[in-house]
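Below is one structure, written out as structure tokens; the observations come after it.
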């Protein structure tokens, strides 16, 4: 499974910088975010990435369907941008619970897909609904399990609505093995990072480099491969310490870890795993 | 459903203080913790609680089965203490993942129950396995859903091994309604608090008073009642701000909220609910 570098892992890199980092370190694909792409220019980004010989494994992100405004116009623009970049999918972050009605919030995700799936199909874009760790249910993502995401995707063809398997979001799920297998060709994106303890003050930034935490990434990669996924493994890490490192050092570290099945090459990686009290 | 005050909600109260607070505020039951009980004395606590006319809705806690030491001796002592107090159940916190092998950690929970269930049955003690929010899977509780807890309990009689339904841990679960119904007479404890955003730096202390957050506690209480549960609703809140308040103020606030279906009587409770961005 080939490596992709999600731009958020080197958050402070501009589009040209992340493209250069990928090329210099032999990483064949990149995951892009809409804001930096808009800053550099959509068409310019598409040309630059293509001339560098990179694939765009994902564009982050559409979604946030659960407020009073379902953001359908913005999501149509995100679909257009995904098409313009030739990205392999558009990642959809569902949105949280604006009040106390979780059932209604989840229903708004379903109703947004009814509108957006035909639009994406016309544009030749694959939507990748991201089940999110339950700790984000209130403020970010009401789709909490892979099984739930698959149910929401089920009315649509695999090639139009699929899912993201992000290790951080799904690793704890008792139904993981069954649901990854069931996901099959609906897996539009496979993202990795690691669960580190203790969580930092801002849990959004509580992601370690793959190999530094508790997730059995070798096992998860096997599940995803056995399910028929042939795309990239995209590293998406939100972590202040990683952001403070030189971009090339991060990329080289990831290339080395990827080659060893995510064994950390930095001292102390495994040693940092705490023993249960 | 009658109210119980979990001692952790007024963390700095000693056993006699929490008993007095319950009596003064007309709260008929208390949830106790082993450390403060040991400090005051097990027999003394049992006498004090009985002479005050309080029931003990739960004793916290046994568990932490997933390390190399499954702590079976300590759990046997916890069962004895539960019997001595006449507590309605012993809460079991499963323990986390000491390495990367989540499947093995979960299996150690099952094997600990094999040893402890007969011991608890002999002592006339009900064990209440606590499914824990997936954000605690790595360091505290590998049983992540009510469904999974029910599966672990299934080899044993309802009266010996059951579950805790703690709002904070289960509210996000897409299978919640189905699994609470299925739990039926295995519900040995029902605990409430609320999910507040943003989470504080230490997520363990990220619990609001019931009514201050995103959980539909009225809906959850209906589910639990419809499942046949006739025990107490126990308020367990870990929150520095709540701990800083006078014990009686906290108790009075809870009694008032309980009477109104957990509507906050403090200004700004509902207003603090953020709108999804």
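Protein chains in written order, with my numbering: chain A, 79 to 355; chain B, 79 to 355. Don't be surprised by glycine CBs; every beta carbon is placed ideally from N, CA and C.
For residue 284 of chain A and residue 277 of chain A, believed in contact at Cβ under 8 Å, the rounded distance: So it is a contact: roughly 4 Å between Cβ atoms.
Rounded to whole angstroms, what's the CA-CA distance from residue 250 of chain B to residue 269 of chain B? Just pull it up for me. Answer to the nearest angstrom: the Cα atoms are 15 Å apart.
Between residue 238 of chain A and the rest of its own chain, which residues show a CB-CB distance below 7 Å, the 5 nearest in sequence each way excluded? Result list for residue 238 of chain A: 195, 198, 199, 204 and 205, in chain order.
Would you verify that the beta carbon of residue 353 of chain B is, or is not, closer than 8 Å to some beta carbon of chain A? Note that residue 353 of chain B scores 39 on pLDDT, short of 50, meaning its location in the model is unreliable; the coordinates nonetheless yield the value given after this. With respect to chain A, the C-beta atom of residue 353 of chain B has a partner C-beta closer than 8 Å.
Looking at chain B, which residues of the region 213-229 of chain A have a Cβ within less than 7 Å of any of its Cβ atoms? Residues 213, 215, 216, 217, 222, 223 and 226.
Which residue wins for smallest C-alpha separation from residue 139 of chain B, given the options B:121, B:107, B:173 and B:146? It is B:173.
With a cut-off of 8 Å, does the C-beta of residue 175 of chain A fall near any C-beta of chain B? Judged by the 8 Å Cβ criterion, residue 175 of chain A is in contact with chain B.
Classify residue 290 of chain B as helix, strand or coil using the three-state DSSP reduction. Coil.
Taking one C-beta from the region 173-182 of chain B and one from the region 178-195 of chain A each time, how about it: are there three or more such pairs within less than 8 Å? As far as the Cβ criterion goes, the region 173-182 of chain B does not touch the region 178-195 of chain A, which means the pair count is below three.
To the nearest angstrom, how far is the alpha carbon of residue 161 of chain A from that of residue 314 of chain A? The straight-line gap from Cα to Cα measures roughly 22 Å.
Compare the beta carbon distance of residue 96 of chain A and residue 126 of chain A with 8 Å and say whether it is the shorter of the two. Not in contact: residue 96 of chain A and residue 126 of chain A (Cβ atoms no closer than 8 Å).
Residue-level contact to chain A via CB, residue 211 of chain B, 8 Å cutoff: Yes, its Cβ sits closer than 8 Å to a Cβ of chain A.
Using only the heavy atoms of the ligand MG, determine whether one of them is closer than 7 Å to the beta carbon of residue 327 of chain B. Ligands displayed in this structure: none; no statement on the ligand MG is therefore possible.
When Cβ atoms are compared, which residues of the region 167-192 of chain B fall closer than 9 Å to chain A? Taking a C-beta cut-off of 9 Å against chain A, the contacting residues of the region 167-192 of chain B are 173, 174, 175, 176, 177, 178, 179, 180, 181, 183 and 184, listed in chain order.
C-alpha gap between residue 349 of chain A and residue 318 of chain A, whole angstroms: With a pLDDT of 41 at residue 349 of chain A, under the threshold of 50, the modelled position of this residue cannot be trusted, and the question is left open.
Whose C-beta lies closer than 7 Å to the C-beta of residue 255 of chain B among residues of the same chain, with five residues either side of it excluded? Within the same chain, residue 255 of chain B has close Cβ partners 301.
When we look at the beta-carbon of residue 79 of chain B and count the other beta-carbons within 10 Å, is it buried (16 or more) or exposed? Residue 79 of chain B comes out exposed.
For residue 347 of chain A, count neighbouring C-beta atoms within 10 Å of its own C-beta (all shown protein chains included) and say buried if the count is 16 or more, exposed if not. Its pLDDT being 44, under 50, residue 347 of chain A is placed unreliably by the model, and nothing is read from it.
When burial is assigned at 16 or more other CB atoms within 10 Å of the CB, is residue 289 of chain B buried or exposed? Counting Cβ neighbours within 10 Å, residue 289 of chain B comes out buried, since at least 16 surround it.
When you compare only the Cα positions, how much space is there between residue 81 of chain A and residue 310 of chain A? So the two alpha carbons sit approximately 6 Å from each other.
Counting contacts by CB-CB distance shorter than 8 Å, is residue 252 of chain B in contact with chain A? Judged by the 8 Å Cβ criterion, residue 252 of chain B is in contact with chain A.
Candidates B:131, B:87, B:305 and B:190: which alpha carbon is nearest residue 266 of chain B's? Of the listed residues, the one whose Cα sits closest to residue 266 of chain B is B:305.
Just list the alpha helix (DSSP H) runs in the region 137-166 of chain B, keeping only unbroken ones of 4 residues or longer that don't cross its boundaries, in chain order. Complete alpha helix (DSSP H) runs here, min 4: 150-163.
Return the bridge partner residues of residue 111 of chain A from the DSSP annotation. Note: residue 111 of chain A sits in a beta bridge opposite A:138.
Report buried or exposed for residue 110 of chain A, applying the criterion of at least 16 other Cβ atoms within 10 angstroms of its Cβ. Residue 110 of chain A is buried by the Cβ-count criterion.
What residues from chain B crowd round residue 293 of chain A, counting only those whose CB sits closer than 8 Å? Near residue 293 of chain A (Cβ distances below 8 Å), the residues of chain B are 178.
Give the interface partners of residue 275 of chain B over in chain A, defined as CB-CB distance under 7 Å, in chain order. Near residue 275 of chain B (Cβ distances below 7 Å), the residues of chain A are 216 and 217.
Around the C-beta of residue 344 of chain B, are 16 or more other C-beta atoms found within 10 angstroms, so that it is buried, or is it exposed? Low local confidence applies: a pLDDT of 48 at residue 344 of chain B is under 50, so the model's placement there is unreliable, with the coordinate-based value given in what follows. The residue is exposed, with fewer than 16 neighbouring Cβ atoms inside 10 Å.
If distances are taken between C-alpha atoms only, which option among B:107, B:234 and B:242 comes closest to residue 224 of chain B? Closest option to residue 224 of chain B, Cα to Cα, is B:242.
Exposed or buried, which one is residue 144 of chain B when buried takes at least 16 other CB atoms within 10 Å? Buried, since its Cβ has 16 or more Cβ neighbours within 10 Å.
Please name the residue or residues paired with residue 267 of chain A in a DSSP beta bridge. Its beta-bridge partners are A:242.
If I follow the unbroken beta strand (DSSP E) through residue 312 of chain B, where does it start and stop? Residues 311-313.
Quick check: is the beta carbon of residue 281 of chain B nearer than 8 Å to any beta carbon in chain A? Cβ-Cβ to chain A under 8 Å: yes for residue 281 of chain B.
Would you mind sorting residue 135 of chain B into buried or exposed? The rule is 16 or more other CB atoms within 10 Å of its CB. Counting of Cβ neighbours within 10 angstroms places residue 135 of chain B among the buried residues, the total reaching 16 or more.
Starting from the C-beta of residue 118 of chain B, find all residues in its chain whose C-beta is less than 6 Å away, skip the five residues before and the five after it, and write them out in chain order. The answer, listed in chain order, is 93.
Rounded to whole angstroms, how far is the Cβ of residue 133 of chain B from the Cβ of residue 166 of chain B, which I believe are closer than 8 Å? Confirmed, Cβ separation roughly 7 Å.
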